[in-house]
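Residue numbers (the working numbering): 56 to 164. C-beta: ideal position from N, C-alpha, C; glycine also. All of these numbers come straight from a predicted model, not from anything done at the bench.
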DNA sequence: GGAATGACATTTA
DNA sequence: CTAAATGCCATTC
């Protein structure tokens, strides 16, 4: 691979994503769009890709990230698991979609 | 250095 | 509202 060596003090794209993820309060959710927007980029899909790496699902609540249309999206451990975790935190879902998703949506403002 | 991939988004039909 | 097609960005092979 053409890794350019790690001399960057700034966090990598995925690292930044994780940092933002950890800021999300319990019972709230966010979207890939909002996340990317917070990072001043439009790499919505890249954000998801960062989650796919999922180096530390323990520290990072990846399950609190959903699609901008309110759909659950995907999850490394499976959609079922993601929904279950969300429900456990008080986020109601229905047919793979977030209920009152706009209310629970956490923007990094 | 280039092609392929993905936990997406937006627009159009 | 649902479904399909197109675009986008960063990362990996």
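Measure the Cβ-Cβ separation of residue i and residue j and say whether it is below 9 Å.
i           : j           : result
residue 122 : residue 69  : no
residue 120 : residue 84  : yes
residue 87  : residue 73  : no
residue 137 : residue 129 : yes
residue 116 : residue 76  : yes
residue 80  : residue 132 : no
residue 159 : residue 82  : yes
Quick one: Cα of residue i to Cα of residue j, how far?
i           : j           : result
residue 94  : residue 71  : 8 Å
residue 59  : residue 145 : Model confidence at residue 59 stands at a pLDDT of 47, short of 50, so the residue's coordinates are unreliable and nothing is read from them.
residue 155 : residue 126 : 11 Å
Identify the continuous alpha helix (DSSP H) that holds residue i and give its terminal residues.
i          : result
residue 87 : 87-93
Counting C-beta neighbours from all protein chains within 10 Å, is the total for residue i 16 or more, i.e. buried, or is it exposed?
i           : result
residue 118 : buried
residue 66  : exposed
Next on the checklist: Check whether the segment 99-116 and the segment 145-154 are in contact - that is, three or more C-beta pairs closer than 8 Å.
Outcome noted: no
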